[in-house]
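Have a look at the structure below before the remarks.
Residue numbers (the numbering used here): 3 to 514.
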């Protein structure tokens, strides 16, 4: 039996309730594996059904790329995704987890389209890092020694892949796709210059990263858990790691990737360029903690021959060492979309109209930034203020009303308004810059212990002289430091239900 509790978020979308009232919030997860991954076990229908039971409106199937997957898995999976779409009221995107040559993994998302499987297959066979490193690589044996091999040749293969994709989307029939970097800081192989290269090579396609990785149950102690780091973030610098990162950046901070959670870190350095770079939060689901099923056929030979690991087998006994929560059970990426359809959800992700939340900390959150009369703009948008003018900032928080997976109704205790100065694109010599020291908390709001119903917080940025961005962060306050920032998670002893956070994408404010 797959273990998960009722969703803390109802399946119906929550109205954004802004003055424009042109979108609703839809919860989703863009990083989910099935038996068509070499290291996962659930069927496509299992994952879609569970996502809906946990309140998700949209999801992406992202099985690992590689030489065995490339041979037949996409073709085998396609009719099963079509059947799951008919059976369950969830938007089911067909995607893959791309092994970026010379780096880490990324989600590849494509819309529902008859030519999507062909696009995925051609991209994987030509540009997946595991395929390029394989002896049976159809484009030439072992173009790189290993999928994660560093160096300019491997990095260029990743950029070539994005150039091919941009041209294919321009001339082909599918028309759009999205790419998001997964667990970027886990191994240290995603350098700041690589991120800037991906962003610049495919604007509007490679649009961001997981601000919070999956595998959030990995730090629960053995024997039920693995006693590792949250997100399995417990590695150390290796041969291909960026040398500028210290060990704390290989850890999660309140369950979030250090590049996102460390104020003034890499995410803020990217936003300081005034260019979009968005965050998400996902399950990376392979094996649910506490589940009683096991892999149908774990042999590598079976996967090589059949492109899958078979149907999971019920054992009736809780299995030890699983590290995940079901899609939507703990991590959610909530997109503000005017409609619940494939291309509208993709447009919302591309625009950055997104907030991410763990453990059902809130039902919804909406920021509004105003530089004059009217409703203002929300996450991912851009507005303009006259130099020396004031900027009004408003945050609306709809609190949780139902128990989460721990059996408790969570409560946010503090919300921070974070502002960073936009200084423009970095010079070519500074593309490995990962600090934005001017980033600061300009206002913090404490939520009264007995507060109920929607909370509205307001502040004003006065006399704005330089372009900036505004983003928001909330927490349950239980493990924040004295200044309200997340702490570095302890390996093997970090209960994900006891340290909940919510982050939003920024609003940019230009000055004229």
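All residues carry an ideal CB built from backbone N, CA and C; glycine is no exception.
By the C-beta density criterion, residue 185 is buried, having at least 16 other C-beta atoms within 10 angstroms.
In the three-state reduction of the DSSP assignment, residue 102 falls in the coil class, being assigned neither a helical nor a strand state. In this structure, the alpha-carbon of residue 54 lies about 39 Å from that of residue 239.
In this chain, the alpha helix (DSSP H) harbouring residue 304 covers 302 to 308. Counting C-beta pairs with one atom in each stretch, the region 212 to 226 and the region 250 to 262 have three or more that are closer than 8 Å, which means they touch.
Nearest to residue 130 by alpha-carbon distance, out of 114, 56 and 106, is 106. In this chain, the alpha helix (DSSP H) harbouring residue 263 covers 260 to 263. Relative to the Cα of residue 352, the nearest Cα in the group 436, 414 and 279 belongs to 279.
For residue 384, the pairing in a beta bridge is given by DSSP as 510. In this structure, residue 47 lies away from residue 72, with their beta-carbon atoms at least 8 Å apart. Rounded to whole angstroms, the Cβ separation of residue 395 and residue 461 is 5 Å, and the two are in contact under 8 Å.
Listed as beta-bridge partners of residue 336 by DSSP are 29 and 357.
Secondary structure note for residue 173: its alpha helix (DSSP H) is the uninterrupted segment 154 to 173. As computed with DSSP, residue 274 is found in no beta bridge at all. Around the beta carbon of residue 81, fewer than 16 other beta carbons sit within 10 angstroms, so the residue counts as exposed. According to the DSSP assignment, residue 457 belongs to the beta strand (DSSP E) that extends over 457 to 466. Taking the C-beta atoms as reference points, residue 199 is found nearer than 8 Å to residue 161. Note that the C-beta distance between residue 182 and residue 207 is not below 8 Å.
In this structure, residue 494 lies near residue 223, with their beta-carbon atoms less than 8 Å apart. Here residue 309 really is in contact with residue 74; their C-beta atoms are around 4 Å apart, less than 8 Å. Within the model, the alpha-carbon separation for residue 365 versus residue 399 is close to 8 Å. Between residue 79 and residue 110, the C-beta spacing is not below 8 Å.
When secondary structure is reduced to three states using DSSP, residue 411 falls in the coil class, being assigned neither helix nor strand.
Residue 66 is bridged by DSSP to 99.
One thing to note: residue 499 has its Cβ within 8 Å of the Cβ of residue 408. Rounded to whole angstroms, the separation of the alpha carbons of residue 372 and residue 132 is 47 Å.
Only residues of its own chain outside the window of five on either side were considered, and among them 279, 422, 471 and 508 have a CB closer than 7 Å to the CB of residue 273, listed in chain order. Annotation: the region 209 to 297 contains the following complete segments of the beta strand (DSSP E) (minimum length 3 residues), in chain order: 280 to 283. Judged by their CB atoms, residue 197 and residue 112 are not nearer to each other than the 8 Å cut-off.
Non-local C-beta neighbours of residue 122 in its own chain, meaning closer than 6 Å and more than five positions away in sequence, comprise 76 and 98, ordered along the chain.
Put simply, the region 312 to 326 does not touch the region 342 to 350. Fewer than three CB pairs are less than 8 Å apart. Here residue 481 carries a coil assignment [DSSP, helix/strand/coil]. In the three-state reduction of the DSSP assignment, residue 394 falls in the strand class. Beta-bridge pairing by DSSP links residue 110 to 98 and 181.
Proximity to residue 452 across 412, 488 and 419 peaks at 412, based on C-alpha coordinates. Closest in alpha carbon position to residue 402, among 32, 430, 289 and 367, is 367.
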